[in-house]
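To start, the structure itself, in structure tokens.
Chains as they are written, first to last, in the numbering used here: chain A, 790 to 1114; chain B, 790 to 1114.
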């Protein structure tokens, strides 16, 4: 590891720690509210990469923002909202673990998990509500789009006719939305120009899509150290991009078999699934897409002057689109 | 019905209609977002007494507010948030109907019901986020307290040692909070004095408690025309005030039998339960409490000058604490 790289790592760790401390302080200040805070706080503080708040802090800085304390409540807002959606998603997916700890619905039951998610949403909105109308509207639109996309995702479960366009539309609302909305809002706080705001938003869209594509790949080629058993998405009937691509390119018996595996998936079919996806070159295709979205994301940053914050943002973007791949 | 009374009824109906129209317009403007809006909108617009927004509009007016359009988004915010909690509550209670229509989790499944509730929350926060920091904080505290109280309510399910203090604490957070927070916030928009704001808040607390006590009674002595089968709360293990009172006053075999009925309730035990509650005079006690909270609520309005809005608010308060009793 080069010295430059070590410096970047250290700066990112320092920023992540600052965000973690702010989140911890906020939970500590509310802990007398009892179990709802305890359970919600446990998921919030159990780790997580803090990608959204980190990118927001850096977006704020590259747009000229100088006082991190001015962006921190908003960065935290997005982490709270993100965690809220995770708690509710995990109910819907029947997930047993999140960030290495058992999910709330597993330990405390469905009712408390729904309410704990609601509580996390409230804190997110309260933090976001400190900002101006543009930002409040931005957050509201972002969260509305998440809900709309989640409905669409449910409707596409095991739907073999899901098109790449359907996929991108769902991902834009559910995954990319919070990145783009967060980065743009951070720019608003830094009083960025309209051109800069658009660039930050598009940067977030591209990184968000790339991030989701990486997630799709990790479900199939990642190892279990990532905290998620392999083939989870397939088991849940989620139409990820490698599946959509392979369904489009496969023909005859391969296509039939692939459809059959997707509709009746269990772990014993995993290797056969991988073979079919490899045959249609769907992993490579997905990797190319990831690279394209990543490159496009970086191009949106070109209008910002060089700075250490910009290098850090490029590094985080790279991390979020490569991870363990 | 006197002419004066007819005038009051007409004014209240006109106000309710104005609120309904605003809610309808908002849903219509978002209907292109698809099924999530359709399902959420159906519950929101299926009726409901609109007590919270009506009281907020009238609180705004008695505190000197003159332009209803300035309070309407906030009044709608509270109706959205209220409906959001109903959608999530109904999941937790396994309710099949709400406001006369099937619940979302019944028609569209658990996942969509959770997300639809989240969507309703978002709209509520977005509407509330148009107001100043005082109000945003007020809403956030109100919603946080709802979550905390709901946890407490779950923990007190079938807990025969639930005290009147536990009960009041839960009711203050879950039922009275939105009334008091709504009325106070309405006063803030009207630029009311600190004394007036406190009065509106306390008015809301008292009406909210009275409202919940009426709800408790209706579960036991209401008829099924109220839209709720009898004994629902008992079946769900909710410790309502008549039960808590009766458990406190009953002795020996009556106390044992009462405990047994509460822990193993089904409709065949309903008449016996009513007999035991009657023997301990728990219905009358609850009615006296309702009257006391109602009287106290009205006393908090004394500092406001007489006006038609004040008469209307008194009438709504009376309605909400008597209903069909």
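Think of the CB as a built atom: it goes at the ideal place given N, C-alpha and C, for glycine as much as any other residue.
- The criterion of a C-beta distance shorter than 8 Å is not satisfied by residue 906/B and residue 931/B.
- Distances from the alpha-carbon of residue 1062/B to those of 904/B, 1041/B, 1036/B, 831/B put 1036/B closest.
- Against chain B, the CB of residue 954/A has no partner CB under 8 Å away; the residue lies outside that interface.
- Exposure of residue 1064/B is indicated by the presence of fewer than 16 other C-beta atoms within 10 angstroms of its C-beta.
- Under the Cβ criterion (8 Å, minimum of three pairs), the region 851-868 of chain A counts as touching the region 806-822 of chain A.
- The same chain holds no residue with a CB closer than 6 Å to that of residue 883/B once the five nearest residues on each side in sequence are set aside.
- Residue pairing for residue 891/A: DSSP places it in a beta bridge opposite 886/A.
- By the Cβ-count criterion, residue 946/B is exposed, with fewer than 16 other Cβ atoms from all chains shown falling within 10 Å of its own Cβ.
- Interface criterion not met: the Cβ of residue 802/B is under 8 Å from no Cβ in chain A.
- Note on the region 966-1043 of chain B: whole alpha helix (DSSP H) runs with a minimum of 4 residues are 966-978, 983-1010, 1021-1024, 1030-1038, in chain order.
- Close partners of residue 932/B in chain A (Cβ separation under 7 Å): 911.
- In the structure shown, the three-state DSSP call for residue 855/B is coil.
- DSSP places residue 1088/B in the uninterrupted alpha helix (DSSP H) bounded by 1071-1089.
- A contact between stretches requires three or more CB pairs, one per stretch, nearer than 8 Å, and the region 1079-1086 of chain B meets this requirement with the region 986-1003 of chain B.
- Between the C-alpha atoms of residue 943/B and residue 856/A there is a straight-line separation of about 43 Å.
- Nearest CB-CB separation between residue 866/A and chain B: not below the 8 Å threshold.
- Residues of the region 813-845 of chain B that bring their beta carbon within less than 7 Å of a beta carbon in chain A comprise 822, 823, 824, 825, in sequence order.
- By the Cβ-count criterion, residue 982/A is exposed, with fewer than 16 other Cβ atoms from all chains shown falling within 10 Å of its own Cβ.
- Put simply, the backbone Cα of residue 964/B is about 13 Å away from that of residue 878/B.
- Comparing alpha-carbon positions, the option among 894/B, 1024/B, 1033/B lying closest to residue 1055/B turns out to be 1024/B.
- For residue 940/A against residue 913/A, the beta-carbon gap comes to about 20 Å, at or over 8 Å, which does not count as contact.
- When secondary structure is reduced to three states using DSSP, residue 1046/B falls in the helix class.
- Between residue 885/A and chain B, the shortest Cβ-Cβ separation is not below 8 Å.
- Residue 1029/A sits close to residue 1008/A, with the two beta carbons spaced by under 8 Å.
- A residue is called buried when at least 16 other Cβ atoms come within 10 angstroms of its Cβ; residue 950/A does not meet this threshold and is exposed.
- Only buried fits residue 985/B, as 16 or more other CB atoms lie within 10 angstroms of its CB.
- At a cut-off of 8 Å, the C-beta of residue 1070/A has no neighbouring C-beta in chain B.
- Leaving aside the five residues that flank residue 893/A on each side, the residues in its chain whose CB is nearer than 7 Å to its CB run, in chain order, 828, 832, 876, 901, 902, 905.
- Residue 1101/A is a Cβ neighbour of residue 847/A, given a cutoff of 8 Å.
- Counting only runs of 4 or more residues that sit fully inside the region 911-961 of chain B, the alpha helix (DSSP H) segments are 922-944, 953-960, in chain order.
- At least one beta carbon of chain B lies nearer than 8 Å to the beta carbon of residue 907/A.
- The beta carbons of residue 801/A and residue 851/A sit no closer together than 8 Å.
- If you check the CB distance, residue 915/A and residue 925/B come in under 8 Å.
- Here the C-alpha atom of residue 1070/B lies approximately 18 Å from the C-alpha atom of residue 1058/B.
- With a threshold of 16 other beta carbon atoms within 10 Å, residue 838/B falls short and is exposed.
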